[in-house]
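Using the numbering used here, the letters of the sequence shown map in sequence onto residues 27 to 259.
Below: the structure, in structure tokens.
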Amino acid sequence: MKELYSLLRTQQYSGRGIILGATPKGKAAIAYFIMGRSASSRARRFMRMGDDLVIKYTADRDPEHAELIVYSPLRMLGSTVIVTNGDQTDTVYDALVLGGSFESALATRCFEPDPPHFTARISGLVTFDECEPSFELSVLKAADPEGLTCSRQFFRYEKQPGVAHYIHTYMGGTQVLKTFEGEPHEVGVCEDIDEFTDAVWNGINDDNKVALYVRFIDPATMEYTDRLINKYE
Numbered sequence: 027m028k029e030l031y032s033l034l035r036t037q038q039y040s041g042r043g044i045i046l047g048a049t050p051k052g053k054a055a056i057a058y059f060i061m062g063r064s065a066s067s068r069a070r071r072f073m074r075m076g077d078d079l080v081i082k083y084t085a086d087r088d089p090e091h092a093e094l095i096v097y098s099p100l101r102m103l104g105s106t107v108i109v110t111n112g113d114q115t116d117t118v119y120d121a122l123v124l125g126g127s128f129e130s131a132l133a134t135r136c137f138e139p140d141p142p143h144f145t146a147r148i149s150g151l152v153t154f155d156e157c158e159p160s161f162e163l164s165v166l167k168a169a170d171p172e173g174l175t176c177s178r179q180f181f182r183y184e185k186q187p188g189v190a191h192y193i194h195t196y197m198g199g200t201q202v203l204k205t206f207e208g209e210p211h212e213v214g215v216c217e218d219i220d221e222f223t224d225a226v227w228n229g230i231n232d233d234n235k236v237a238l239y240v241r242f243i244d245p246a247t248m249e250y251t252d253r254l255i256n257k258y259e
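This is the structure:
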């Protein structure tokens, strides 16, 4: 967990992040976090809604571009888990209900309409086949500085005990945030959900972190344990 903690500590502003993988004993491990620099981005908290996760906006006035900061980060469809950084969670969910796929759903979406950053849409999918989890990650990002074209990247991973993969929206920057680039980071996962949660939460930049959700799923029973942390209660 030291390597994951160290990686997160080097990222002053990674924006939003998804970590998908497996514990050493084979449980599916999912983590999603959000960060915020503006008052509206920080006026958010995670809430459980049944087996799903939602974002609640806590400020008195409605935010600008509410659709970009208030959404369902995690939804379950049977034994499938969808986790994303935007309302494409619902796009993927609806497509799967109709027999579509993760890739076909995201082919209808692109990066967020927030120039000059053109924030990437990052998404993950966890599926279970004969009690074995597998993982898909996607990054939809601008292929040019003007945001005229979209690059769609997809990554698929079979279960590797003790290994997860991590994607995030930003690589840093000040006035114009740099978009995630390269392949997902390979990181370690431990068996203890509290140790894992602490490593992620304590690794995220203290000034900008807002909320974290972690879920470990037993693939034999689909029972799960989870942890939820909100910086601004």
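Heads up, the beta-carbon is just placed ideally off N, CA and C, and yes, glycines get one too.
Run through the region 57-140 for me and flag every whole beta strand (DSSP E) of 3 or more residues, listed as ranges in chain order. 70-75, 78-83, 100-103, 106-110
Under a Cβ-count criterion, where at least 16 other Cβ atoms within 10 Å of its own Cβ denotes burial, should Asn228 be classed as buried or exposed? exposed
For Asn234, which option in Val123, Ala69, Gly52, Asp78 has the closest C-alpha, if you only look at C-alpha atoms? Ala69
For Thr49 versus Cys216, is the C-beta spacing smaller than 8 Å? yes
C-beta atoms of Arg42 and Phe59 nearer than 8 Å: yes
If I follow the unbroken alpha helix (DSSP H) through Phe222, where does it start and stop? 219-229
Residues that Gln38 bridges to, as DSSP identifies them: Partner(s): none; Gln38 has no beta bridge.
Is Met27 closer than 8 Å to Gly222 when the C-beta atoms are compared? Reading off the sequence, residue 222 comes out as Phe, not Gly. Cβ distance < 8 Å, so Phe222 and Met27 count as in contact.
Among Asp218, Ala225, Ile255, Ala246, which has the Cα closest to the Cα of Val236? Ile255
According to the neighbour-count rule (16 or more other Cβ atoms, all chains shown, within 10 Å of its Cβ), is His91 buried or exposed? exposed
Starting from Val236, trace the beta strand (DSSP E) in both directions and tell me its first and last residue. 235-243
Distance check for Met102 and Tyr166, CA to CA, integer angstroms please. Residue 166 is actually Leu in this sequence, not Tyr. Approximately 22 Å between the Cα atoms of the pair.
With distances taken Cα to Cα, identify the nearest neighbour of Asp140 among Glu184, Thr153, Ile95, Gly198. Ile95
Option in Val107, Arg63, Asn231 with minimal Cα separation from Ser160: Val107
For Ala131, the nearest candidate out of Gly52, Phe144, Thr110 (CA to CA): Thr110
By the three-class DSSP mapping on this structure, what secondary structure does Lys51 have? coil
Sub-8 Å separation of Phe154 and Pro245 beta-carbons: yes
Give me the DSSP bridge partner(s) of Phe154. Pro159
Hey, quick one: how far does the beta strand (DSSP E) through Glu212 stretch, first residue to last? 211-214
Can you give the Cα-Cα distance for Asp232 and Arg63, rounded to whole angstroms? 11 Å
By DSSP's criteria, Asp232 is part of a beta bridge. Which residues make up the other side? Paired residue(s): none; Asp232 is not in a bridge.
What does DSSP give as the partner residues of His191 in its beta bridges? Leu46, Glu212
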